[in-house]
Amino acid sequence: MAEGALFQLTGKVLELLGSFTLPEVKLAFGVQTEIEKLSSTVSTIRAVILDAEKQSSHNHQIKDWLRKLKGVLRDADDLLDDFSTQVLWHKVMRKKKVRIFSSSSNRIASSPKMGRQIKAVRERLNAIAKDKEDFHFIQSFIEPQVMSRDRETYSFVLEDENISIIPIVGIGGLGKTTLAQLVFNDQSVNKNFELKLWVCISEIFDAKRIVKEILEHFEKNFFFFFFEKQLREKLGGKKYLLALDDMWNEDNTKWLLLKNLLMVGARGSRIVVTTHTEMVASITRSTSWYVLRGLPVEKAWNLFVKVAFGEGQLLKNQAFFSLGKEIMEKCVGVPLAIRTIASLLHSNASENECYDHVPSYLKQCFAYCRLFLKDYGIDVETLIDLWTAQGFIKLSNPKQRVKDVGREYFMLLLWRSFFQDVGEDFRGNIWCKIHDLMHDLAIFVAGTECTVLHSIEENIGENVRHVSFNLLDLSMQRPIVNFEGKRIRTVLGHRRGRDFTCNVLVSNLKYSRTLDLSYLWSRKMPSSIGKLKQLRYLDVSKNRYIKIIPNSIVMLLNLQTPNLKNCRALRELPQDTKNLVNLRPLDIYGCITLTHMPYGLGNLTSLEILPWFVVKNGGFKAMSSELVGETECHDEMSLKGLQPHPNLEVLILSNYMGITIPSWVSNFTKRCHHLPSLNQLPFLNFVYLVNMKALQYISEDIVSNVLGSSITTFFPSLFSLKIKKCPNLKGWWRKDDNDGPGHLLLPSFPHLSELEIEDCPNLTFMPLFPYLKVELKLWEASLKVLQQTMNKQRPSTSTSSSCYFPLSELEFLYLKGVKDLESLPEKWLQNLVSLRRLFIYRCPGLRSLPCKGNLTSLHHLSISGCFNLTSLPQEICHLTSLQILEIGNCPNLMTLPGSMDNLTLTSLKMLRVGNCPNLMALPEWIGNLTSLEELVISKCLNLTSLPQGIHDLTSLQRLMVTGCPILRARCLGEDWPKISHVPVLRLDR
Numbered sequence: 001m002a003e004g005a006l007f008q009l010t011g012k013v014l015e016l017l018g019s020f021t022l023p024e025v026k027l028a029f030g031v032q033t034e035i036e037k038l039s040s041t042v043s044t045i046r047a048v049i050l051d052a053e054k055q056s057s058h059n060h061q062i063k064d065w066l067r068k069l070k071g072v073l074r075d076a077d078d079l080l081d082d083f084s085t086q087v088l089w090h091k092v093m094r095k096k097k098v099r100i101f102s103s104s105s106n107r108i109a110s111s112p113k114m115g116r117q118i119k120a121v122r123e124r125l126n127a128i129a130k131d132k133e134d135f136h137f138i139q140s141f142i143e144p145q146v147m148s149r150d151r152e153t154y155s156f157v158l159e160d161e162n163i164s165i166i167p168i169v170g171i172g173g174l175g176k177t178t179l180a181q182l183v184f185n186d187q188s189v190n191k192n193f194e195l196k197l198w199v200c201i202s203e204i205f206d207a208k209r210i211v212k213e214i215l216e217h218f219e220k221n222f223f224f225f226f227f228e229k230q231l232r233e234k235l236g237g238k239k240y241l242l243a244l245d246d247m248w249n250e251d252n253t254k255w256l257l258l259k260n261l262l263m264v265g266a267r268g269s270r271i272v273v274t275t276h277t278e279m280v281a282s283i284t285r286s287t288s289w290y291v292l293r294g295l296p297v298e299k300a301w302n303l304f305v306k307v308a309f310g311e312g313q314l315l316k317n318q319a320f321f322s323l324g325k326e327i328m329e330k331c332v333g334v335p336l337a338i339r340t341i342a343s344l345l346h347s348n349a350s351e352n353e354c355y356d357h358v359p360s361y362l363k364q365c366f367a368y369c370r371l372f373l374k375d376y377g378i379d380v381e382t383l384i385d386l387w388t389a390q391g392f393i394k395l396s397n398p399k400q401r402v403k404d405v406g407r408e409y410f411m412l413l414l415w416r417s418f419f420q421d422v423g424e425d426f427r428g429n430i431w432c433k434i435h436d437l438m439h440d441l442a443i444f445v446a447g448t449e450c451t452v453l454h455s456i457e458e459n460i461g462e463n464v465r466h467v468s469f470n471l472l473d474l475s476m477q478r479p480i481v482n483f484e485g486k487r488i489r490t491v492l493g494h495r496r497g498r499d500f501t502c503n504v505l506v507s508n509l510k511y512s513r514t515l516d517l518s519y520l521w522s523r524k525m526p527s528s529i530g531k532l533k534q535l536r537y538l539d540v541s542k543n544r545y546i547k548i549i550p551n552s553i554v555m556l557l558n559l560q561t562p563n564l565k566n567c568r569a570l571r572e573l574p575q576d577t578k579n580l581v582n583l584r585p586l587d588i589y590g591c592i593t594l595t596h597m598p599y600g601l602g603n604l605t606s607l608e609i610l611p612w613f614v615v616k617n618g619g620f621k622a623m624s625s626e627l628v629g630e631t632e633c634h635d636e637m638s639l640k641g642l643q644p645h646p647n648l649e650v651l652i653l654s655n656y657m658g659i660t661i662p663s664w665v666s667n668f669t670k671r672c673h674h675l676p677s678l679n680q681l682p683f684l685n686f687v688y689l690v691n692m693k694a695l696q697y698i699s700e701d702i703v704s705n706v707l708g709s710s711i712t713t714f715f716p717s718l719f720s721l722k723i724k725k726c727p728n729l730k731g732w733w734r735k736d737d738n739d740g741p742g743h744l745l746l747p748s749f750p751h752l753s754e755l756e757i758e759d760c761p762n763l764t765f766m767p768l769f770p771y772l773k774v775e776l777k778l779w780e781a782s783l784k785v786l787q788q789t790m791n792k793q794r795p796s797t798s799t800s801s802s803c804y805f806p807l808s809e810l811e812f813l814y815l816k817g818v819k820d821l822e823s824l825p826e827k828w829l830q831n832l833v834s835l836r837r838l839f840i841y842r843c844p845g846l847r848s849l850p851c852k853g854n855l856t857s858l859h860h861l862s863i864s865g866c867f868n869l870t871s872l873p874q875e876i877c878h879l880t881s882l883q884i885l886e887i888g889n890c891p892n893l894m895t896l897p898g899s900m901d902n903l904t905l906t907s908l909k910m911l912r913v914g915n916c917p918n919l920m921a922l923p924e925w926i927g928n929l930t931s932l933e934e935l936v937i938s939k940c941l942n943l944t945s946l947p948q949g950i951h952d953l954t955s956l957q958r959l960m961v962t963g964c965p966i967l968r969a970r971c972l973g974e975d976w977p978k979i980s981h982v983p984v985l986r987l988d989r
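Note that full-length UniProt numbering gives residue 744 to position 744 of the sequence shown, counting from 1, and the numbers run on in steps of one.
Laid out in structure tokens, this is it:
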């Protein structure tokens, strides 16, 4: 496979050999001796592999030596993996107290045979080890690291001014991260900053995670719910250099949330941002940014020649000259593309040229991607599972999780531009693709070990270990017979959906670690699958007809990832599923006819992900030891009996019909981030309560017991609260008989930043939330929830004696379907000094909208579906920061503010008015909107003309008039001189 894979393979073999020396593994003396000898031989060979691989690029004898070595090491890996499985089976059976071994000895029954087989492998390796003396290799156990070259690329960060942001922009492969690293590591830069911090952002932009990583530069243990204060303490008054690498975020609100947290450093601090697009750079509000372009033609050609032909070799390769020139045009100066293509033309194992900067453990991960078709969308989590099944992912300490390390591997390859087009689907799954150039590289470096079969004429070579094939072609069933006698480790299928018999395939895959049978129309899984004892990954997802998984699957003790997702006909899991002690995820999402869970899942101590736990279905009893006996399980009893492992991180309750939430929830105070709660959970960050139709109160306390509770102890770290589709929810606590003004003493969420309440029409009181910052959404809910907070002037949380006005830091207020909303009181609006977006949708009772408050930060105002709204306040004309104004579906709206006195809407860039059939005219002050870029008017049937002043709007770029027949005719006739200067015009019927 890829260069570097042998170094990793020898490490894996040594790890397996070491597992047989543990005290609990009892082997015959002769076997132990053979294991020790084999370990010595492998260690000796491993010491020279790095140098051997380096020399193999120009020495065919060494390349042949490595090929032979790889074959023997693969056989050793298979053999030792088989023995390791026997040891594991022995342990599992001992726990079950099944005596299948000799009572006089604790040793594995097959020890003599094991000794002979290990000896045979060792003798083959000894012969190969003897040959290495002819090559005089240098011993090395550490891969060489890339050294940075001196470049004068740091001057732009040394200018002394206030904290500034410096974006570096360019497409993948141009060297944005490399340039930022050179700046970051330069000695001259080091002298100018007290602190230097590097955070990799990637496609998921989370301000909290970024701040957390910054704080972890100082100390690993910190109180996350005080992160803002601690960030100020660490950065405040210090001149720092912060690199935010690979930022994709285009959401201005999210960026401002992070930026405001970082604006505490000393004068001269710098934030360097690397990004693919100028759109991302623009939201940073930097006055300028550094755009990386492709190499000039001359330099690009010099790089191409150096990699493809070597120094001074161009004249010897004139046949490639014209081809090289043609390829150069397609590379458009991108160094990565140039190096990749040039390496493919190199006459001597040129993949080493492309891989100089990549660790060996990443090389084998990338080479494995050769199995995917070009332009194939790759599920990143699945890719990590596939790497794991092949043993590519290594943990450096027992506290690490395989998934976390796998994601780190992926990100390292992504940052090096081996992957591209990373995106997230509507389910939250992350997908990526491989650029065609990189796919060609993967094919090259994978060599003969990986292949994709496209037709029945293709043969499977002796060295092939990993195969993917096209199952849409019915003729593709024939080559499966060729697997006989092969040591195939991977079988993947990319295009599926045909009825397919698995028996022949499975019977020839004794050494398989990965088997993908997803999307097939098979009605039955073969029982012979239990013979694939080395299998780690089994995907049978989206098989619509399979009803039962054969019990033989419980023989697969190495199985880590069985993907059963969306097997909609599946009715039950194997009875002895508890034997699969290496399971990490058990994904049964979408198995809608599953009747119950098997007994003993508590034995699966490695289980990390169980997205569904089926309590009952169709009146069946749940047969799980985690539940209460064998009584019929109802929602409350089931949840009470399902107390999970203390390392639980996420719990989502859906369709819960119970009245109360069990007390075990309160025990999770350190690790959980998403779960419904009752009491004070000091480490809880997120709470989502969804579709709990019978829930009436979140806490069993009565309200009088919590009045005056300390603000520092009530959910001290809760950041996000979402309550949705709880139609019978009345309040956080039960009310007592004395329903006086006690709500003024209700406890407040001290750090709650975002709150969403949706489809909870009966919710009338809850804890106060005066410190919201990110957003407040009330959808199909009562205004009473907001009134309690707004009517209370809260003491400041700071040490000063000043008062804190509720929601004075809120940036986004979204009211939708709030039927008791008639007006927003002016005293409320006076508090909203930080509000940037105000959306009011489908509030039929809204009659007026005063804007006399301090809405000085408002950027976006959107009003829609307010049927009783007849006019807008004159004060809208004085919102100095307003950039977007949208008014729609207000059938009784007759006029917009008419006065032009003291008009200050100078920032307005977009004005949209739609479905206001009674609107008679647009005000003349529109002609004073000097920044207006877009004007959209739709379904305003009674509008007859445009204001004269539109002719003076030199910034107007787009004018759209749709569904306004009278106005359209006017625009095409008499009013045409007013709008003819607009670059983009759309006048539709």
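Cβ coordinates follow ideal geometry from the N, Cα and C atoms, glycine included.
Inter-residue Cα distance where the pair is residue i and residue j
i: Val402; j: Asn563; result: 17 Å
i: Phe469; j: Ile460; result: 12 Å
i: Leu182; j: Lys176; result: 10 Å
i: residue 1017; j: Lys299; result: This structure gives no information on residue 1017, because the portion of the chain shown stretches from 1 to 989.
i: Leu241; j: Asp425; result: 34 Å
i: Ala442; j: Cys369; result: 7 Å
i: Leu14; j: Lys725; result: 55 Å
i: Ile840; j: Thr577; result: 52 Å
i: Phe686; j: Thr870; result: 40 Å
i: Phe135; j: Leu362; result: 27 Å
i: Gly406; j: Leu371; result: 18 Å
i: Trp976; j: Leu956; result: 15 Å
Bounding residues of the beta strand (DSSP E) (the contiguous stretch that carries residue i)
i: Trp779; result: Glu775 to Ala781
i: Thr514; result: Thr514 to Asp516
i: Val422; result: Gln420 to Glu424
i: Ile757; result: Glu754 to Cys760
i: Thr561; result: Thr561 to Asn563
Residue i versus the options, residue with shortest Cα-Cα distance
i: Ile201; options: Glu194, Asn192, Glu213 and Leu195; result: Glu213
i: Ser552; options: Gln61, Leu9, Val506 and Thr593; result: Val506
i: Pro891; options: Pro850, Tyr589, Arg842 and Arg487; result: Arg842
i: Leu763; options: Leu729, Ser748 and Glu756; result: Leu729
i: Glu250; options: Glu233, Gly268, Leu257 and Ala281; result: Ala281
i: Leu967; options: Leu752, Lys234, Ile937 and Gly590; result: Ile937
i: Val913; options: Cys866, Gln883, Leu985 and Asn889; result: Asn889
N-terminal and C-terminal residue of the alpha helix (DSSP H) that residue i is part of
i: Cys971; result: Pro965 to Cys971
i: Ile979; result: Trp976 to Ile979
i: Asn889; result: First-last for Asn889: undefined, no H or E at that position.
i: Leu412; result: Val402 to Trp415
i: Ser522; result: Counting along the chain, Ser522 falls outside any alpha helix (DSSP H), and DSSP gives it neither H nor E.
i: Gly18; result: Ala5 to Ser19
Inter-residue CB distance, residue i and residue j (contact presumed, cutoff 8 Å)
i: Leu607; j: Thr593; result: That belief does not hold up - the Cβ atoms of Leu607 and Thr593 are roughly 23 Å apart, past 8 Å.
i: Val334; j: Ile171; result: 7 Å
i: Leu885; j: Leu911; result: 5 Å
i: Arg46; j: Phe20; result: Not a contact, Cβ separation roughly 18 Å.
Is it the case that the stretch 267-282 contacts the stretch 842-858, given that we only count it when at least three CB pairs across the two stretches are under 8 Å? no
Check whether the stretch 435-455 touches the stretch 52-63, counting contact only when three or more Cβ pairs, one atom from each stretch, lie closer than 8 Å. no
Would you call the stretch 164-175 and the stretch 288-304 touching, i.e. three or more CB-CB distances under 8 Å? yes
Would you check if there are 3 or more beta carbon pairs closer than 8 Å linking the stretch 383-390 to the stretch 530-548? yes
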